[in-house]
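In the numbering used here, the protein residues as written are 1 to 499. Glycine residues also receive a C-beta, built at the ideal position from the N, C-alpha and C atoms. From a predicted model like this one, the values you see are computed outputs, not experimental measurements.
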């Protein structure tokens, strides 16, 4: 762990890493650790793929670690979705060849420091006497790690704040829930990545939003409901989706960092609670089973005026469903849609959604007023304080910080350049606009050449992300001639149980 000075000054104090509210939250966390008699505290950070990684400290060590930080191996930043190391981690070329980053602290698998954000602390309702806290990443000298996705989202929020905007987002997330039949823990099945557990279905499917189907899985859904509420997540609804074993949850809108933090916490809670009850919750878009339907993550978003607290997307013009700011933000999303797909849909499997006509999954960069086939669905009308944009392009495995930050950068591009959106569509599957990428490779090619995201995320991060995804594509053996809607066994092993 980071050493403290003889004076007792902590890592957080030495580098002034917390504001007043975080310092007060840390004192509240210390009190709660004692009051709840916690035995351990999980320190976690969200990696480049959206996976939570971290360490668990016993309670006697956790209090000091709140301010002193927890060291973590930097090689985790070099991993792909199979946990293989993509970049060389020894010598002077670490990350440099692919990204231009000169990060001596990452050479030879040196340590980075996880610094908790005490405002994210939760007592885990499913794990006995366990707490959890999200962390940001720093080098030993107190400088932020430039590859930290939570920090990249914070930087995007900072761009909005300079214009007196705050970002507000609500989550609508689909997933599959299966009953585990065999964990497949026999030594022969433990390849890299390992064979996923064998599963059976929890519903037959094709009875969309029926009460009887929901009642069949209500015992687990009740556990999930109690868990979400105990974690202070703004749960709104739980639904049976159309496909076999497919479900959906929605959450109320939250501002700033709260929305991506909530998505990270929900996904982790969903998978862990499911496994403890003998289920496997999969966030993979379309598992490699017969008759499966694809899952999406629909992102509801708007901008709020930080001075008045008003929704800046609300139109005062009865002929327009969006304000001028809302229209330019929408135009930015459409203009950067192909490159933005790399952040909204970062797996090979996620692109299996973009091929079905009339599937209610988008295939081109268009918008419509309350149109579920369009990439962006405009919700609301003149004077409606709930007016917002629903981007329907994402997949459940997307890194929440990168997905939402990409929306901010794209929307700001539209605002800055005063772009105008094309007319609304009523026929989203007729070829009238730029098609979305059909493959992850296509999205990565678009991202590599995109000026908006290079300006927003920085050249080094874009090149780093591109290199990660190129390695993933190369390992998959995917070819341009492959059937566009065929799910491979490689994809299933890679993503089915990915968290």
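Enumerate in chain order the residues of its own chain whose CB-to-CB distance from residue i is below 8 Å, with the five nearest sequence positions on each side excluded.
| i | result |
| --- | --- |
| residue 13 | 67 |
| residue 3 | Any answer about residue 3 is weak, because its pLDDT of 46 lies below 50 and its placement is not dependable; what the coordinates show is given next. Closer than 8 Å at the Cβ level, and outside the excluded window around residue 3, lies no residue. |
| residue 256 | 157, 166, 167 |
| residue 216 | 202, 203 |
| residue 155 | 405 |
| residue 9 | none |
Tell me which same chain residues have a C-beta within less than 6 Å of the C-beta of residue i, skipping the five on either side of it?
| i | result |
| --- | --- |
| residue 200 | 179, 181 |
| residue 89 | 75, 78, 109 |
| residue 26 | 66, 118 |
| residue 303 | 165, 312 |
| residue 482 | none |
| residue 237 | 250 |
| residue 214 | 240 |
| residue 5 | The predicted position of residue 5 is uncertain, since its pLDDT is 43 and thus under 50; a value taken from the coordinates is nonetheless stated next. Excluding positions up to five away in sequence, the list is empty. |
| residue 189 | 195 |
| residue 456 | 409 |
| residue 350 | 285, 395 |
| residue 263 | 171, 400 |
Using the rule of at least 16 other Cβ atoms within 10 Å of the residue's Cβ for burial, across every protein chain shown, is residue i buried or exposed?
| i | result |
| --- | --- |
| residue 232 | exposed |
| residue 15 | buried |
| residue 69 | buried |
| residue 172 | buried |
| residue 51 | buried |
| residue 463 | buried |
| residue 418 | exposed |
| residue 286 | buried |
| residue 191 | exposed |
| residue 158 | exposed |
| residue 319 | exposed |
| residue 153 | buried |
| residue 354 | buried |
| residue 370 | exposed |
| residue 58 | exposed |
| residue 122 | buried |
| residue 19 | exposed |
| residue 141 | exposed |
| residue 288 | buried |
| residue 395 | buried |
| residue 439 | buried |
| residue 437 | buried |
| residue 295 | buried |
| residue 469 | buried |
Taking 7 Å as the limit between beta carbons, can you name the residues of its chain near residue i, skipping five residues before and five after?
| i | result |
| --- | --- |
| residue 37 | 129 |
| residue 415 | 325, 328, 329, 332 |
| residue 229 | 235 |
| residue 209 | 239, 240 |
| residue 272 | 126 |
| residue 471 | 80, 86 |
| residue 114 | 43, 45, 54, 69, 70, 72, 135, 137 |
| residue 421 | 327, 330, 331, 334, 367 |
| residue 198 | 181, 182, 184 |
| residue 267 | 283, 499 |
Between which two residues does the beta strand (DSSP E) containing residue i stretch?
| i | result |
| --- | --- |
| residue 251 | 246 to 255 |
| residue 44 | 40 to 46 |
| residue 282 | 279 to 282 |
| residue 239 | 235 to 240 |
| residue 304 | 297 to 305 |
| residue 14 | No beta strand (DSSP E) contains residue 14, which is instead part of the alpha helix (DSSP H) from 11 to 15. |
| residue 376 | 376 to 379 |
| residue 368 | 367 to 369 |
Identify the continuous alpha helix (DSSP H) that holds residue i and give its terminal residues.
| i | result |
| --- | --- |
| residue 32 | 20 to 35 |
| residue 68 | 59 to 68 |
| residue 268 | 258 to 276 |
| residue 492 | 489 to 495 |
Minimum length 4: unbroken alpha helix (DSSP H) runs contained in the region 389 to 476:
For the region 389 to 476, the full-length alpha helix (DSSP H) segments reaching 4 residues or more read 400 to 417, 440 to 448, 451 to 457, 459 to 476 along the chain.
May I ask you to verify whether the region 424 to 436 touches the region 28 to 43, counting CB pairs closer than 8 Å and requiring at least 3?
When C-beta atoms of the region 424 to 436 are compared with those of the region 28 to 43, fewer than three pairs fall below 8 Å, so the two segments do not count as touching.
Is it the case that the region 315 to 335 contacts the region 275 to 289, given that we only count it when at least three CB pairs across the two stretches are under 8 Å?
Contact fails: fewer than three Cβ-Cβ distances are below 8 Å.
Complete beta strand (DSSP E) runs within the region 181 to 217 (minimum length 3 residues, chain order):
At a cut-off of 3 residues, the continuous stretches assigned as beta strand (DSSP E) that sit fully inside the region 181 to 217 are 198 to 201.
Three-pair Cβ contact test at 8 Å for the region 138 to 151 versus the region 445 to 465
Verdict: yes, contact present.
Please list the segments of the alpha helix (DSSP H) lying wholly inside the region 330 to 354, counting only runs of 4 or more residues, in order along the chain.
Secondary structure within the region 330 to 354: the alpha helix (DSSP H) runs of 4 or more consecutive residues, fully enclosed, are 337 to 344 (chain order).
If you scan the region 88 to 172 from start to end, which runs of the alpha helix (DSSP H) of 4 or more residues do you find wholly inside it?
DSSP runs (the alpha helix (DSSP H)) wholly in the region 88 to 172: 96 to 99, 149 to 161.
Are at least three pairs of beta-carbons, each pair with one atom in the region 339 to 348 and one in the region 377 to 390, less than 8 Å apart?
Verdict: no, contact absent.
Give a yes or no on contact between the region 361 to 376 and the region 420 to 429, applying the rule of three or more CB pairs nearer than 8 Å.
These segments touch.
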